[in-house]
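In order, the protein sequence lines correspond to chains A and B.
Be aware that the first sequence starts at 8, since it is given in our numbering, and climbs by one per residue.
Be aware that the second sequence starts at 728, since it is given in our numbering, and climbs by one per residue.
Every residue gets a Cβ at the ideal spot worked out from N, C-alpha and C, and that includes glycine.
The structure under discussion appears below in the form of structure tokens.
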Amino acid sequence: MEPGFPAGLSAANGYGVVDTRRPVLVLNDVTKTYPNGRDALKDVDLVVPEGDFVFLVGASGAGKSTLMKLLIRDELATQGTVTLDGDDMARLPRRKVPIVRRKIGIVFQDFKLLPTKTVRENIAFALEVTGTPRRKIGPAVARALALVGLTAQADQYPKQLSGGEQQRTAIARALVHDPKIVIADEPTGNLDPLISWEILQLLLRINELGVTVLMATHDADIVTALRKRVVALEEGRVIRDEIGGGYHRAG
Amino acid sequence: MLSFLFFSISRAWQGFWRNAAMSLAATATMTLMLMLLAGFWIIQAGFLASLTYVEDKVGVVADMNDGVSEAALQDLEARLGAMPEVRSVEYISKDEALRRYREERTAQGQDDLTSYLAENPLPASLEVKLRRPEDYQAVAGFLEVDPAIAKVQNIKDTTDRLISITNFLRTFGVVLLGVIGAIVLFIVINTIRLAVLGRAEEIEVMRLVGASDAFIRWPFVFEGALVGLLGAAITLGVLMGAAEPLSHFMVGFFQILPISIGSISRDVTLLVVGSGTGLGVVGAWVSVRTYLIR
Chain A
8 MEPGFPAGLS AANGYGVVDT RRPVLVLNDV TKTYPNGRDA LKDVDLVVPE
58 GDFVFLVGAS GAGKSTLMKL LIRDELATQG TVTLDGDDMA RLPRRKVPIV
108 RRKIGIVFQD FKLLPTKTVR ENIAFALEVT GTPRRKIGPA VARALALVGL
158 TAQADQYPKQ LSGGEQQRTA IARALVHDPK IVIADEPTGN LDPLISWEIL
208 QLLLRINELG VTVLMATHDA DIVTALRKRV VALEEGRVIR DEIGGGYHRA
258 G
Chain B
728 MLSFLFFSIS RAWQGFWRNA AMSLAATATM TLMLMLLAGF WIIQAGFLAS
778 LTYVEDKVGV VADMNDGVSE AALQDLEARL GAMPEVRSVE YISKDEALRR
828 YREERTAQGQ DDLTSYLAEN PLPASLEVKL RRPEDYQAVA GFLEVDPAIA
878 KVQNIKDTTD RLISITNFLR TFGVVLLGVI GAIVLFIVIN TIRLAVLGRA
928 EEIEVMRLVG ASDAFIRWPF VFEGALVGLL GAAITLGVLM GAAEPLSHFM
978 VGFFQILPIS IGSISRDVTL LVVGSGTGLG VVGAWVSVRT YLIR
């Protein structure tokens, strides 16, 4: 196994430099057992410092989706702790869950846009339903639209857009409330390679603006080309966590 | 708080029209169910009034001895009138009894046999109307032991049977209305549940972007209330349209029965608006709750 320490967990990261960045996300010895007895995750340790860009790779059923669900507190860990921006998910009272979710921006493979709303309304929706004052919504939506380059398409409906544009709308929605971390679950899974690169460029830019990005993906080309931090899961265990890694384990 | 209310109501309004097909289907179901409920309520009201009308006919008739003094009669009438079970007391004198008998014979086209008699054979009597037919025995027992009374006409068996029949019919009516109510409840709630199910993705997105439960729930609750109010309005409109020709048809009905159109229409309006809004709100509440408990 690669010697790469989980970045930020110990004194040294892959570069042998002390990592003083604040961790946004900490999984400590996490096991998730579903009611049918299957261990979806087993003894997972993961620390993601602020501003990191992490690829989460692994075959279907390796535990990527379960990990994502733990992060947004759709599921609770059976053992161990999941901490997001200082909040222990297991100790979080129910009414605080929405507040923690506002620190996360989520992007899905199937976009999850509302077909009866325009691009602008889809993005504004995330602010409206979290009780943001009306006068703040307009400017925030305009900024998000500009960031993803959809200002011209703002009044179109999702079905009038291409797949890439729909995903950019979803990214704008994930960003509009200034999240600490963006979690992207196979965001390029439904897109062709060229468009996938566009989406990746967008996520990288967002990361440069200081937002932590955690992206689950099957796309080996992208992972190998970008040389970011790669966390590989297999049968619920972290089998590799290296900075600057490829999709596959290095030779 | 006010802006939250404004937000919820405007979102409810938007949600209703942007999913017009589903909303109108829910409203149509709501309308039909409210009509069913209102129809049964009206029938039930007429039915209960009919029962009361029949029960009012139960009274105690007591024949008096001849030669009871005026003072004894007034005393007896006063004591009867003071009983809580008694609604009214009417004294039928011997002459009055004879007059009524003759009238009856004439009306039936038969000979007046009493003209062959030397004196009036009919007794004077007291006709006592009761507040409740169940009190028959108490009043009859009171009269039987009075020295002025010759005989109490015994209709106890008939009264008992009438009471058991009317009580059965009353219970049956209430049970039937309950069953109809339950059917309406389930159909309406299921319709709203389907409408909410069609918007599961919207709820999912709200949850994921960090909307609190209240922000997810209340727009749907207001939308449910809107469906209920709209259904109630249509139902009342249809009933009002039908009321004019119906009341022509039922004028006789309302003249006989102790019931007024005014009280029925007030009750039905309250019923339709109340249950429409209530069902809409409860239906939306329980349907959205499914998505919030997780």
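For Q86/A, the pairing in a beta bridge is given by DSSP as T38/A.
The beta-carbon separation of L63/A and L34/A, rounded to 12 Å, does not stay under the 8 Å limit for a contact. Per the C-alpha coordinates, the member of I250/A, V107/A and V37/A positioned closest to L83/A is V37/A. Here T219/A carries a strand assignment [DSSP, helix/strand/coil].
In terms of CA proximity to V218/A, L210/A leads the group T27/A, L210/A and T137/A.
With a cutoff of 7 Å on beta-carbon distance, V813/B and V855/B are scored as near each other. If you look at Y818/B, you'll find it in the beta strand (DSSP E) that goes V813 to I819.
Judged by beta-carbon spacing, A239/A lies beyond the 7 Å limit of G70/A, meaning their Cβ atoms are not closer than that value. The beta carbon of L121/A sits closer than 7 Å to some beta carbon of chain B.
Bounds of any alpha helix (DSSP H) do not take in S987/B, whose DSSP letter is neither H nor E. Close to I113/A, with beta-carbon spacing below 7 Å, are these residues of chain B in chain order: L935. Interface with chain A (7 Å Cβ-Cβ cutoff): V932/B is included. A Cβ of chain B is located within less than 7 Å of the beta carbon of A133/A. The alpha carbon of V995/B has as its nearest neighbour, out of M728/B, A772/B and S730/B, the alpha carbon of A772/B. Residues of the region 129-154 of chain A with a Cβ closer than 9 Å to any Cβ of chain B, in chain order: N129, F132, A133, L134, E135, V136, T137, G138, P140 and R141. Legend: CB atoms of the region 84-114 of chain A lying less than 9 Å from CB atoms of chain B belong to residues R101, R102, V104, P105, I106, V107, R108, R109, K110, I111, G112 and I113.
Annotation: Cβ neighbours of I79/A in chain B (cutoff 7 Å, chain order): L935.
Inter-residue distance for F976/B and R738/B is about 46 Å (C-alpha atoms, whole angstroms). By the neighbour-count criterion, in which 16 or more other beta carbons inside 10 Å mark a residue as buried, L182/A falls on the buried side. Annotation: P811/B to K883/B spans about 20 Å, alpha carbon to alpha carbon.
Taking 7 Å as the CB threshold, E950/B stays off the interface with chain A. Exclusion of the five residues before and after L963/B leaves T996 and V999 as the residues of its chain whose Cβ lies within less than 7 Å of its Cβ.
Burial is judged here by how many other beta carbons sit within 10 angstroms of a residue's own beta carbon; I770/B has fewer than 16 and is exposed. DSSP, reduced to helix, strand and coil, places V936/B outside both helices and strands of the structure shown, so it counts as coil. When the Cα atoms are used, G253/A and N214/A turn out to be separated by approximately 19 Å. Assignment of P105/A by DSSP, reduced to helix, strand and coil, places it in the helix class. Under the 7 Å criterion on CB atoms, S939/B is classed as interfacial with respect to chain A. Just so you know, the alpha carbons of L207/A and G170/A end up roughly 14 Å apart.
In the displayed model, R244/A falls within a strand according to three-state DSSP. Sequence-distant Cβ neighbours of V136/A in its own chain, meaning closer than 7 Å and more than five residues away, do not exist here.
Rounded to whole angstroms, A747/B and I736/B show a C-alpha spacing of 16 Å. Taken in chain order, the unbroken stretches of alpha helix (DSSP H) that lie wholly in the region 44-89 of chain A and span 4 residues or more are 71-78. P972/B sits exposed, since fewer than 16 C-beta atoms from the chains shown fall within 10 Å of its C-beta.
Look at the region 817-888 of chain B and you find these whole runs of beta strand (DSSP E), each 3 residues long or longer: 852-857 and 876-879.
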